[in-house]
Amino acid sequence: MENQVQTKTIPEGVKQWNWGAFMFSIFWGFGNRTYWPLLCIIPLFNFIWMFVCGIKGNEWAWRNGNYSDVKTFKLVQDTWNRAGLAAFIISLIFIILYFLFFSVFAIFYFTSPDYGQVQVG
Numbered sequence: 010m011e012n013q014v015q016t017k018t019i020p021e022g023v024k025q026w027n028w029g030a031f032m033f034s035i036f037w038g039f040g041n042r043t044y045w046p047l048l049c050i051i052p053l054f055n056f057i058w059m060f061v062c063g064i065k066g067n068e069w070a071w072r073n074g075n076y077s078d079v080k081t082f083k084l085v086q087d088t089w090n091r092a093g094l095a096a097f098i099i100s101l102i103f104i105i106l107y108f109l110f111f112s113v114f115a116i117f118y119f120t121s122p123d124y125g126q127v128q129v130g
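Just so we're aligned, residue 10 is where the sequence shown starts under this note's numbering, counting upward by one.
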């Protein structure tokens with residue numbers, strides 16, 4: 010008896026970017042019984058692997074899930090996509106505010122006049 014590898018064919022509607030897999034790689038992987046995203050635990054490698062998860066995430070979830078049709082699959086992944094996109098936008102806003110705050114702080118700190126030492130008493 011030959012040992013055959015069973016592979017599910019990936020429907021065309023499944024091959025899309027997945028924001029949930031990109032932003033919540035490890036949690037998304039557990040939720041979809043896909044354990045490749047656990048590689049995001051490795052420092053520095055995770056920056057590259059997050060993009061791989063975003064690109065390949067839907068394919069992994071389709072292969073490992075018990076989805077009867079593409080519509081059911083998309084309903085589940087749309088929830089992850091909304092949460093992932095919201096987290097991405099919020100993170101982007103915080104990063105912009107962070108750099109804006111410290112840029113303004115640096116401008117005021119380095120351009121303020123020096124009044125010398127203040128004498129008390």
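Every residue, glycine too, gets a C-beta built ideally from N, C-alpha and C.
How would you call residue i, buried or exposed, if buried means at least 16 neighbouring beta carbons within 10 angstroms?
i	result
Val-23	buried
Ser-34	buried
Ala-70	buried
Ala-95	exposed
Thr-18	exposed
Phe-39	exposed
Asn-67	buried
Phe-60	exposed
Gln-128	exposed
Asn-90	buried
By how many angstroms is the C-alpha of residue j removed from the C-alpha of residue i?
i	j	result
Asn-41	Pro-20	17 Å
Tyr-44	Ala-115	44 Å
Trp-28	Phe-119	40 Å
Ile-98	Ile-104	10 Å
Phe-111	Phe-56	24 Å
Ile-64	Leu-109	31 Å
Met-32	Asp-123	45 Å
Phe-36	Phe-117	42 Å
Ser-121	Ala-92	43 Å
Ile-102	Asn-75	36 Å
Select from the options the residue whose C-alpha is nearest the C-alpha of residue i.
i	options	result
Cys-62	Asn-75, Arg-72 and Leu-47	Leu-47
Helix or strand or just coil, what does DSSP make of residue i?
i	result
Arg-91	helix
Thr-43	coil
Asn-150	Because the chain here runs from 10 to 130, residue 150 falls outside it and cannot be looked at.
Phe-82	helix
Val-61	helix
Val-129	coil
Quick one: is residue i near chain C, going by C-beta distance under 7 Å?
i	result
Ser-100	The structure shown contains no chain C; it is built from a single protein chain.
Check whether the segment 75-89 and the segment 48-56 touch, using three or more Cβ-Cβ pairs below 8 Å as the test.
no
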